[in-house]
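Have a look at the structure below, then the notes.
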Amino acid sequence: MELNRLAELVPTGACLALPVDYAGVSMAMTLPLIRHGGDDLHLVCVPTGGLQVDMLIGAGKVRLVETSAVSLGEAGGAPCFNRAVRDGAIDLRDATCPAIHAGLLAAQKGAPFTAMRGLIGTDVLANRPDWRVIDNPFGTGGDPVALIPPIVPDVAIFHCPVADRLGNVWIGRRRELAAMAYAAKLTIVTVERISDRPLLETEEMAAGTLPALYVDEIAVAPKGARPYGLWGEYGPDTAELKRYAAAARSTEGFADYMTAIVGEMA
Amino acid sequence: MELNRLAELVPTGACLALPVDYAGVSMAMTLPLIRHGGDDLHLVCVPTGGLQVDMLIGAGKVRLVETSAVSLGEAGGAPCFNRAVRDGAIDLRDATCPAIHAGLLAAQKGAPFTAMRGLIGTDVLANRPDWRVIDNPFGTGGDPVALIPPIVPDVAIFHCPVADRLGNVWIGRRRELAAMAYAAKLTIVTVERISDRPLLETEEMAAGTLPALYVDEIAVAPKGARPYGLWGEYGPDTAELKRYAAAARSTEGFADYMTAIVGEMA
Amino acid sequence: MSSALTTPPDAPPSTAPATPRETLIYTIAGLLRGIRHVAVGASSPIPAAGAMLCRALAERDGDPRVRLSILGSVQHNFFTNGSVELFDCAGQGRIDAFFLGGGQIDGRGNVNLVGAGPYPQSKVRWPGSFGSAYLYFTVPRVILFREEHSPRVLVDKVDFISAPGVSEEGVYRTGGPKALLTSMALFDFDPGRPGFRLRSIHPGHDLSEVRAATGFTFQADDSPAVTPPPDAETLALLRGRVLGELSETYPAFADTLRAETAEAGALQKEEALHK
Amino acid sequence: MSSALTTPPDAPPSTAPATPRETLIYTIAGLLRGIRHVAVGASSPIPAAGAMLCRALAERDGDPRVRLSILGSVQHNFFTNGSVELFDCAGQGRIDAFFLGGGQIDGRGNVNLVGAGPYPQSKVRWPGSFGSAYLYFTVPRVILFREEHSPRVLVDKVDFISAPGVSEEGVYRTGGPKALLTSMALFDFDPGRPGFRLRSIHPGHDLSEVRAATGFTFQADDSPAVTPPPDAETLALLRGRVLGELSETYPAFADTLRAETAEAGALQKEEALHK
Chain A
29 MELNRLAELV PTGACLALPV DYAGVSMAMT LPLIRHGGDD LHLVCVPTGG
79 LQVDMLIGAG KVRLVETSAV SLGEAGGAPC FNRAVRDGAI DLRDATCPAI
129 HAGLLAAQKG APFTAMRGLI GTDVLANRPD WRVIDNPFGT GGDPVALIPP
179 IVPDVAIFHC PVADRLGNVW IGRRRELAAM AYAAKLTIVT VERISDRPLL
229 ETEEMAAGTL PALYVDEIAV APKGARPYGL WGEYGPDTAE LKRYAAAARS
279 TEGFADYMTA IVGEMA
Chain B
29 MELNRLAELV PTGACLALPV DYAGVSMAMT LPLIRHGGDD LHLVCVPTGG
79 LQVDMLIGAG KVRLVETSAV SLGEAGGAPC FNRAVRDGAI DLRDATCPAI
129 HAGLLAAQKG APFTAMRGLI GTDVLANRPD WRVIDNPFGT GGDPVALIPP
179 IVPDVAIFHC PVADRLGNVW IGRRRELAAM AYAAKLTIVT VERISDRPLL
229 ETEEMAAGTL PALYVDEIAV APKGARPYGL WGEYGPDTAE LKRYAAAARS
279 TEGFADYMTA IVGEMA
Chain C
181 MSSALTTPPD APPSTAPATP RETLIYTIAG LLRGIRHVAV GASSPIPAAG
231 AMLCRALAER DGDPRVRLSI LGSVQHNFFT NGSVELFDCA GQGRIDAFFL
281 GGGQIDGRGN VNLVGAGPYP QSKVRWPGSF GSAYLYFTVP RVILFREEHS
331 PRVLVDKVDF ISAPGVSEEG VYRTGGPKAL LTSMALFDFD PGRPGFRLRS
381 IHPGHDLSEV RAATGFTFQA DDSPAVTPPP DAETLALLRG RVLGELSETY
431 PAFADTLRAE TAEAGALQKE EALHK
Chain D
181 MSSALTTPPD APPSTAPATP RETLIYTIAG LLRGIRHVAV GASSPIPAAG
231 AMLCRALAER DGDPRVRLSI LGSVQHNFFT NGSVELFDCA GQGRIDAFFL
281 GGGQIDGRGN VNLVGAGPYP QSKVRWPGSF GSAYLYFTVP RVILFREEHS
331 PRVLVDKVDF ISAPGVSEEG VYRTGGPKAL LTSMALFDFD PGRPGFRLRS
381 IHPGHDLSEV RAATGFTFQA DDSPAVTPPP DAETLALLRG RVLGELSETY
431 PAFADTLRAE TAEAGALQKE EALHK
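Chains as they are written, first to last, in my numbering: chain A, 29 to 294; chain B, 29 to 294; chain C, 181 to 455; chain D, 181 to 455.
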């Protein structure tokens, strides 16, 4: 199966960037990642994580989570994440949304860092020895500024409505997906469908297109964001998210849920 | 006339951002700016300037030009700009394209500066006392990095194909126009036409739309980019650009050309 | 609540007295008065309702237009540059107000969205800081909103500072906490002291109850004001136009509001019968 | 040139010997060999033609795909993030080759795009540095291309450094000059010395002519090689497929090329008659 082959492109120890739940999560890649992808993953949530992140953690695939938050939204807290934190089973790099964006931006620009306001005096900053604080060189002394180094994911994975036969992908106004692809060394995209019409043919579609230059692999996965929704295509299945949230409250419940899903997909 | 009223919003001494020739230059605003706008302008070319910049300089409206280049492209050098440089009639902030983008980006983010690679050892950097160089705080010593402070235009002016009745403007893939509007205190947009259909109604159009939040004034100006072209609408009138280039070689020729244009527009 | 209690959306607004939640919404609208642009999280229906009411009141009174961005919503979100745009927008000074909750909020206005107990191995882990470590610094009017008013939430000192209430001199800061609103009371924040000052207590509660439920010390008059409920005209606007707008984005919450109002109406009638 | 001389685009490619410009294009294609992505300015038809030929050769030989971005072009530019994307792309290491001209180029590989004489009141002002002060640092294979080969252009020391040929140790730099190509000769750049070394002289020129026309000193063999013209097969590819692609973006330049080829063909026939 194509998705399994793509999951094999994620090596053990890889830094893997995944998008926020409403931007286009490639849920279709979750089981392939668990069964065919590498272990000890360093997840970067752009800028927050949800079901996919929780499942990867629950399946024991994750060593480190770099994120501004992990939650199931309306369905409540992320049970496997919360458990792994309590048990000390994963390392944490707690961030704040714009700092995740700042790290990707530095990578996008090939810059050594991005300066950002805020953060001073927070425990977020206090627990990030990989960040720096300098006095603003444009000031007259004082004025501390946080500097965020580049986040360069080994792999970025997300889901979009459509790609064309030239490898271009339509991301619409979800420009964080472009930021992820710019920053990443390898970008894997699943899509609802392939269009015969080149996306760059019209200015209308070109405006929301991520060029093939940044896309390494594309696979078709209809309803590939489910139970999350996909903008302009289908809404989220909140009942299913709640069903997961309830089941995954225990490790056994999580295991049963995942086994059932594997059965459904077989 | 509406465009004259908009030109009056540009006060004397204002920092005015104008786009590169292929992105959507509001040529329609040029004469209104000359006749009704403020003097002693600080032009920021995003990231290079052309006919509009040359005309504003020729008309004596400009005190300072911040740019990566000024030229008429295929039609050759920018005669009024070159003359003003030779005569010392304008001040210069010579930049390089990504440094202009970096300054706008800092303003867009409310950040105190943007770090960028390159520049070290250039006379571009040597002549920009408003920039700084620090040793990369993530390095082990050495590794100089240039820092570019925010560019916050008082006014940004550009031309687009279409706006809707809610004040949203379609910029397609010309995202430097969004960067200008994000950074500027006041944004004036001329358009070919107004659409009755809200631009944010479909994901296709929304992807290339600059939201009304960033747009202060909109006026209709058909063929408003001429003699430049407008992407997806019409091509440039290179013959006219060459006619200007030839005429403006002398101050008298420039004056005659401008008088003729005023006549055509009356 | 049974849906039989729900007033159909096109019926004339009920004239029952304001429910506690309606008073909260009205209080939020008051806290937002005068702003041009407020951003609200996708799962924050009460703040969203307050913002919608503020927008409707501004329109009614001929005040400048109020913009409302509901994050994560496809329909009521005019951002087109991805999820970074909210933060850029705040950095540009284009967002006047924002809401923050918090697993813990302390008396210096510090907010903890990360977890209870020692970090990183928190005993109780919450989702994380989201954008708070930036927005608290850059949005002028941050309203701390948490319905639960208990010593568990309103603590003396947070276990983790996601975002600090005040900053040392010399730290760039254009934003911060303006007020704290719970199901029991409304506090103003004074960055000078720094600390909270009780502005009013919602109908049905009293000062000793508030003191007992609050884990930090705060300033208060001996006889604090009662939080005013909306006047009849504003209530009609809330139950009419605002409820209609709310139904588009938060249908379940709008139903709850309608049910509560119907219940209050039924109670009112019942009381009238017994008089 | 009269259009009567022009071969119709659909005629079989001429077998006339390579024109000087065709040899330049072929030389550029050789300099680009092995790259994955090259960016070319909108008004640089010869570099664009070289890049198109490189792409066609890679395809013919089964080598990895070559991408070509023509800046400012709507049709042959796949960027969708505005004019900043080229620079971001270079910063990401996704651009392998780029072309720079220059009002002045000196023997240390410094490039001046700003003006001749003291800055800022330049006697002769050129447009400006464009992206050179960044791209020269970040694009691994920058090809200096200027047809004019004269002491006015190839100077001992530039009046303004838009972009330096080499950087001090410790300066972050992943790119820089690879070669200098003029209408007369091809030089390799040695960042170690630093300086240029003559690789070959184009047919019809000699070393003393090159020395006289060059304002800086350079290394050279006593008997430098002659720049090889394209072989017949490559020439056919250039006059066929590449010329067709070129016509879409640079129609005027494509016509000029066709006319020059036709002229060369006519000359060849004439010489044959006189033998």
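Even for Gly, the Cβ is constructed at its ideal location relative to N, Cα and C.
Query, Result
"Taking buried to mean at least 16 other C-beta atoms within 10 Å of its own C-beta, is H454 (chain D) buried or exposed?", "exposed"
"State yes or no: is the beta carbon of Q80 (chain B) nearer than 7 Å to at least one beta carbon in chain C?", "no"
"Between the beta-carbon of T124 (chain B) and the beta-carbon of G311 (chain D), is there less than 7 Å?", "yes"
"Suppose the cutoff is 6 Å on Cβ atoms and the five residues either side in sequence are ignored; what does the same chain contact list for P225 (chain C) look like?", "Y430, F433"
"What does DSSP give as the partner residues of T218 (chain B) in its beta bridges?", "B:H187, B:A247"
"Name the DSSP bridge partner or partners of G295 (chain C)?", "C:R305"
"Near F259 (chain D), which residues of its chain fall below 6 Å by C-beta distance, leaving aside the five closest residues on each side in sequence?", "E265"
"Using a cut-off of 8 Å between C-beta atoms, extract the partners of H174 (chain C) located in chain B.", "What is shown of chain C runs 181 to 455, which leaves residue 174 (chain C) out entirely."
"In whole angstroms, what separates the C-alpha of R373 (chain C) from that of I179 (chain B)?", "36 Å"
"Among the residues of its own chain, which have a CB less than 6 Å from the CB of L315 (chain C), if the five just before and after it don't count?", "A270, F278"
"Any beta carbon of chain A sitting closer than 7 Å to that of Y430 (chain C)?", "no"
"Compare the C-beta of A234 (chain B) against all C-beta atoms of chain C and say whether one is closer than 7 Å.", "yes"
"Helix, strand or coil for E443 (chain C) per DSSP?", "helix"
"Determine the direct distance from the alpha carbon of Y242 (chain B) to that of L212 (chain C), and round the result to whole angstroms.", "21 Å"
"Is I226 (chain D) near the ligand SAM, judged by its Cβ being under 6 Å from some heavy atom?", "Annotation note on the ligand SAM: not contained in the displayed structure, which lists no ligands."
"Quick check on I323 (chain D): does DSSP put it in helix, strand or coil?", "strand"
"Need the endpoints of the alpha helix (DSSP H) that E413 (chain C) sits in, please.", "412-417"
"Should E231 (chain A) and P189 (chain A) be called a contact, given that it needs their Cβ atoms to be closer than 7 Å?", "no"
"Whole angstroms is fine: what's the gap from I289 (chain A)'s alpha carbon to L79 (chain A)'s?", "14 Å"
"P331 (chain D) to D151 (chain B), Cα distance in whole Å?", "22 Å"
"Take L147 (chain B) and list the residues in its own chain whose beta-carbon comes closer than 6 Å to its own, dropping the five residues that flank it on each side.", "L153, A174"
"Taking 7 Å as the CB-CB cut-off, is K137 (chain A) touching chain D?", "yes"
"List, from N- to C-terminal side, the alpha helix (DSSP H) runs of 4 residues or more that fit wholly inside the stretch 193-257 of chain D.", "200-212, 225-240"
"What residues from chain C crowd round C188 (chain A), counting only those whose CB sits closer than 7 Å?", "Those do not exist, as C188 (chain A) stays about 13 Å from chain C at its closest Cβ, beyond 7 Å."
"If A222 (chain D) sits next to S249 (chain D), beta carbons under 8 Å apart, how far is it from one beta carbon to the other, in whole angstroms?", "A222 (chain D) to S249 (chain D), Cβ: 10 Å. No contact."
"Kindly say whether D243 (chain C), judged by its beta-carbon, lies nearer than 7 Å to any beta-carbon of chain B.", "no"
"Does the stretch 286-295 of chain C touch the stretch 336-352 of chain C, meaning 3 or more C-beta pairs lie closer than 8 Å?", "yes"
"Report the rounded CA-to-CA distance for I176 (chain B) versus L418 (chain D), giving the unit in angstroms.", "44 Å"
"Using a Cβ cut-off of 9 Å, which residues of the stretch 203-219 of chain B contact any Cβ in chain C, in chain order?", "R203, A206, Y210, A211"
"What are the residues in the stretch 304-316 of chain C lying within 9 Å of chain A by C-beta distance?", "V304, R305, W306, P307, G308, S309, F310, G311, S312, A313, Y314, L315, Y316"
"Chain B partners of D268 (chain C), CB-CB under 8 Å?", "Q136, K137, G138, Y210"
"Determine, for T237 (chain A), whether the minimum Cβ-Cβ distance to residues of chain D falls below 7 Å.", "yes"
"Where does I85 (chain A) fall in DSSP's three states?", "helix"
"Quick one: what's got a C-beta closer than 6 Å to Y206 (chain C)'s C-beta in the same chain, skipping five residues either side?", "P410"
"Quick one: list the residues of chain B neighbouring A143 (chain A), beta-carbon separation under 9 Å, in chain order.", "A134, K137, A139, P140, F141, T142, A143, L175"
"Can you list the residues of chain G that Q301 (chain D) reaches, using a CB-CB cut of under 7 Å?", "Structure shown: chain G not included; protein chains present are A, B, C and D."
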